[in-house]
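One structure is given below, encoded as structure tokens.
In the numbering used here, the protein residues as written are 518 to 1063.
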């Protein structure tokens, strides 16, 4: 869950530290008080594009920091490790975003990160919905993902997708080979030349570094001989002095035994220096200057550079290019046999793909009516008393990445009117409640830990607002839910209730966020009810809290 959100110099907020608990968290406040800043701050840490206009007037940067407490670290750590970042170890993930006038920075657990990383983490952490944030619900791929989550067919889809990728790759190779029927002599000659040139070099992926080191040594052999011989000579010239030092040490020890501990490393040091002298002597004698070997090594390095200029930046790239050219040449020269073999492979994979797809379809079909009924039941509780909802599977002419069919969520709010795809629903109030019904139906399967609802209860009546609040409260039992709302019926069922309000200090407006409990919470609900100080409004507020 989101356990801490810190905002600095963002829009009307000068400094804000928000500590949240689990369950349903309600956020209220008068229009213009700055509730939207909360959503804006979350969007920033989730990788949304930053505008310079977000920075508080007179400041050079704004900053948002979010601390998430994560119980299931596997998916988060996979993203971090794939991005070259250190994995989380203490169930805490800290995302920080700094937006400046000239540059922006973002950090994950205090390490610099890219916006792409923030977006990937955001998908795993937060599901944010505002009056117009329903694209995920309207997406056919997202609808299919929801159906698979409900049907429990994720593993079947994974198996199907793997077969689909293999079938697609083999089919493309088959198509390319068919199109190469008229491969001209120029292409064949080029492929033959490339294969022969790379194969004749007899490359090994890890030899370049070794060859360069040997060439460096060979080309500097005379200098190396000079330096190593000089070292050996200097060490040999000091043998007499070292002997005198040893004798003096022995005499000292005889006169004062207490100094023995300070001189105990002397013998070993003398032996090591003598060994070093011997090794330098042997090293200098072994450094034979061989111009022919130096030339051979230089030629080998030139071969490397020449091939890398043509075929890749590393020897591995060159070798890979040679393998691909060799495979392509073999396919063209043995086209008929390879075509037959590839066609057989494509047909075999297609059979397996179709079998896997039909199994996936069967599981999906069993779940469509059940899911549609559950969603319809939730819709009835949200005010659509006679609404109809269907999950339609539409068979495709050929296999696609998600199966042998596509899906279409269809909704009919009014009896006697035909059902329409969700994307054709114009009313933001309707689509908001449909989204909440779908989320409620899939609460057990939805792994996203934090759900944010930004005024999705707009354009609904009092009774419906209460139902919306109760749905959110139920979702809050399995997820952390933040609801930014104008309705007291929603705020009244929240586990925590925060109020955003504006304060003017020294001529500057600042948005603040405070937790309300007890009488303060009742007062806020009374304000939202528009009841002034009347006893009836107070009684109504207290009844909402019950």
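All C-beta atoms, glycine included, are put in the ideal place defined by N, C-alpha and C. All figures in this text were calculated on a predicted structure; none of them were measured in a lab.
Rounded to the nearest angstrom, what separates residue i and residue j at their Cα positions?
{"i": "residue 1020", "j": "residue 580", "result": "20 Å"}
{"i": "residue 1055", "j": "residue 897", "result": "30 Å"}
{"i": "residue 593", "j": "residue 994", "result": "22 Å"}
{"i": "residue 734", "j": "residue 741", "result": "8 Å"}
{"i": "residue 1032", "j": "residue 939", "result": "37 Å"}
{"i": "residue 1023", "j": "residue 574", "result": "14 Å"}
{"i": "residue 899", "j": "residue 554", "result": "28 Å"}
{"i": "residue 643", "j": "residue 537", "result": "15 Å"}
{"i": "residue 1036", "j": "residue 585", "result": "31 Å"}
{"i": "residue 951", "j": "residue 630", "result": "36 Å"}
{"i": "residue 589", "j": "residue 539", "result": "16 Å"}
{"i": "residue 582", "j": "residue 1008", "result": "26 Å"}
{"i": "residue 1025", "j": "residue 600", "result": "42 Å"}
{"i": "residue 778", "j": "residue 756", "result": "23 Å"}
{"i": "residue 863", "j": "residue 692", "result": "11 Å"}
Please list, in chain order, all residues of the same chain as residue i whose beta carbon is under 8 Å from its beta carbon, the five residues on each side excluded.
{"i": "residue 603", "result": "597, 626 and 628"}
{"i": "residue 845", "result": "708"}
{"i": "residue 752", "result": "790, 791, 793, 794 and 797"}
{"i": "residue 716", "result": "839 and 843"}
{"i": "residue 763", "result": "783, 784 and 787"}
{"i": "residue 960", "result": "991, 992, 995 and 996"}
{"i": "residue 1039", "result": "1055, 1058, 1059 and 1062"}
{"i": "residue 937", "result": "927, 928 and 929"}
{"i": "residue 828", "result": "711, 715, 834, 835, 838 and 839"}
Classify residue i as helix, strand or coil using the three-state DSSP reduction.
{"i": "residue 624", "result": "strand"}
{"i": "residue 576", "result": "coil"}
{"i": "residue 782", "result": "coil"}
{"i": "residue 901", "result": "coil"}
{"i": "residue 459", "result": "This structure cannot speak to residue 459, because the chain is shown only from 518 to 1063."}
{"i": "residue 615", "result": "strand"}
{"i": "residue 830", "result": "coil"}
{"i": "residue 774", "result": "helix"}
{"i": "residue 581", "result": "strand"}
{"i": "residue 959", "result": "coil"}
{"i": "residue 1057", "result": "helix"}
{"i": "residue 540", "result": "coil"}
{"i": "residue 916", "result": "strand"}
{"i": "residue 472", "result": "The requested residue 472 is not part of the displayed model; the chain covers only 518 to 1063."}
{"i": "residue 600", "result": "coil"}
{"i": "residue 531", "result": "strand"}
{"i": "residue 808", "result": "helix"}
{"i": "residue 723", "result": "coil"}
{"i": "residue 874", "result": "helix"}
{"i": "residue 907", "result": "strand"}
{"i": "residue 563", "result": "coil"}
{"i": "residue 968", "result": "strand"}
{"i": "residue 570", "result": "helix"}
{"i": "residue 521", "result": "strand"}
{"i": "residue 740", "result": "helix"}
Looking only at its own chain, which residues have a Cβ that is under 7 Å from the Cβ of residue i, when we skip the five neighbours before and after it?
{"i": "residue 1016", "result": "545, 546, 1031, 1033 and 1041"}
{"i": "residue 932", "result": "903"}
{"i": "residue 683", "result": "866"}
For residue i and residue j, which I take to be in contact (beta-carbon distance under 8 Å), what is that distance rounded to the nearest angstrom?
{"i": "residue 639", "j": "residue 563", "result": "3 Å"}
{"i": "residue 534", "j": "residue 523", "result": "5 Å"}
{"i": "residue 1028", "j": "residue 530", "result": "5 Å"}
{"i": "residue 916", "j": "residue 681", "result": "6 Å"}
{"i": "residue 985", "j": "residue 953", "result": "6 Å"}
{"i": "residue 879", "j": "residue 893", "result": "About 23 Å; that fails the 8 Å criterion."}
{"i": "residue 926", "j": "residue 660", "result": "5 Å"}
{"i": "residue 877", "j": "residue 677", "result": "5 Å"}
{"i": "residue 556", "j": "residue 1001", "result": "7 Å"}
Excluding the 5 residues flanking residue i on each side, which residues of the same chain have their C-beta closer than 6 Å to its C-beta?
{"i": "residue 759", "result": "787"}
{"i": "residue 833", "result": "722"}
{"i": "residue 869", "result": "680"}
Which parts of the stretch 637-692 are runs of the alpha helix (DSSP H), unbroken and 4 residues or longer, counting only runs that do not cross its ends?
-> 652-655 and 657-668
Going along the chain, which unbroken runs of the beta strand (DSSP E) with 3 or more residues stay wholly within the stretch 991-1034?
-> 997-1001, 1013-1022 and 1025-1032
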